[in-house]
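>
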Amino acid sequence: MEHMEQKQVPLFTEVDLISIYTREDAIRDGLLVDVSEMGREAGFRIPVAVTRKLWDEYIVPDPRSVPYGQSVDGRLWDTLWMSHLAARCRPDTDRVQYSVQYKVIYIMKTAQRRGITLEMRVGAADPQGRPCITIMLPGED
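Below you can see the structure in the form of structure tokens.
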């Protein structure tokens with residue numbers, strides 16, 4: 001039997017695509033928050049974004065916590081620094097799960113720390129395939 005070389009044809013071409021939703025679109029629409037500037041300060045060399053849910057639920061502190069020293073910048077730094085350390089511990093993968101502790105102030109109680117698990121994924125940010133990082137809560141896409 002003669003072996004015939006088969007030409008590989010992509011499953012989809014640009015003509016087949018109905019819509020392309022990019023990372024830039026998600027940032028513009030508010031689904032992702034670009035934190036690349038502070039990410040560079042924390043040691044990342046590629047763009048970094050966090051999901052809106054992570055931003056709203058954990059990085060932005062409850063207003064009652066602000067008088068006790070909690071701030072967006074402080075929480076964002078903690079998130080990015082712990083993400084950077086987690087990435088350095090697992091350089092061989094594109095997905096890492098790790099824990100971050102946030103100080104939570106409860107009215108009529110002392111300050112307590114609450115740990116959450118975060119997930120960091122490395123993927124392509126644009127059609128040219130340049131890498132980026134997205135930090136999210138487990139179960140988010």
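The sequence shown begins at 1 in this note's numbering and counts up one residue at a time.
Just so you know, even glycine gets a beta-carbon here, dropped at the ideal spot from N, CA and C.
#1: If you check the beta carbons only, do S83 and M120 fall under 8 Å apart?
#2: How long is the line joining the alpha carbons of R95 and G74, rounded to whole angstroms?
#3: Please name the residue or residues paired with P47 in a DSSP beta bridge.
#4: Distance check for Y68 and G129, CA to CA, integer angstroms please.
#5: Excluding sequence positions up to five away, which residues of its chain have a Cβ less than 6 Å from the Cβ of P138?
#6: Is the distance from the Cβ of T79 to the Cβ of I135 below 8 Å?
#7: Going by beta carbon distance, what residues of the same chain come within less than 8 Å of L32, once the five residues before and after it are set aside?
#8: Which residue from S19, R45, V35, D29 puts its Cα closest to that of R88?
#9: Look at L76 and V35 and say whether their C-beta atoms are less than 8 Å apart.
#10: Sorted by chain position, which residues of the same chain lie with C-beta nearer than 7 Å to W81's C-beta, five sequence neighbours on each side aside?
#11: So, with DSSP's three-state summary, where would you put R75?
#12: Does the beta-carbon of G115 have 16 or more other beta-carbons within 10 angstroms, so that it is buried, or is it exposed?
#13: Buried or exposed: where does V66 fall if 16 or more other Cβ atoms within 10 Å of its Cβ makes it buried?
#14: What residue from G30, E140, G123 has the CA that sits closest to P47's CA?
Inspection of the coordinates gives the following:
#1: yes
#2: 24 Å
#3: DSSP output for P47 lists no bridge partner at all.
#4: 43 Å
#5: T117, E119
#6: Yes.
#7: R23, A26, A49, V50, T51, R52, T134
#8: R45
#9: yes
#10: Same-chain partners within the cutoff: A42.
#11: helix
#12: exposed
#13: exposed
#14: G123
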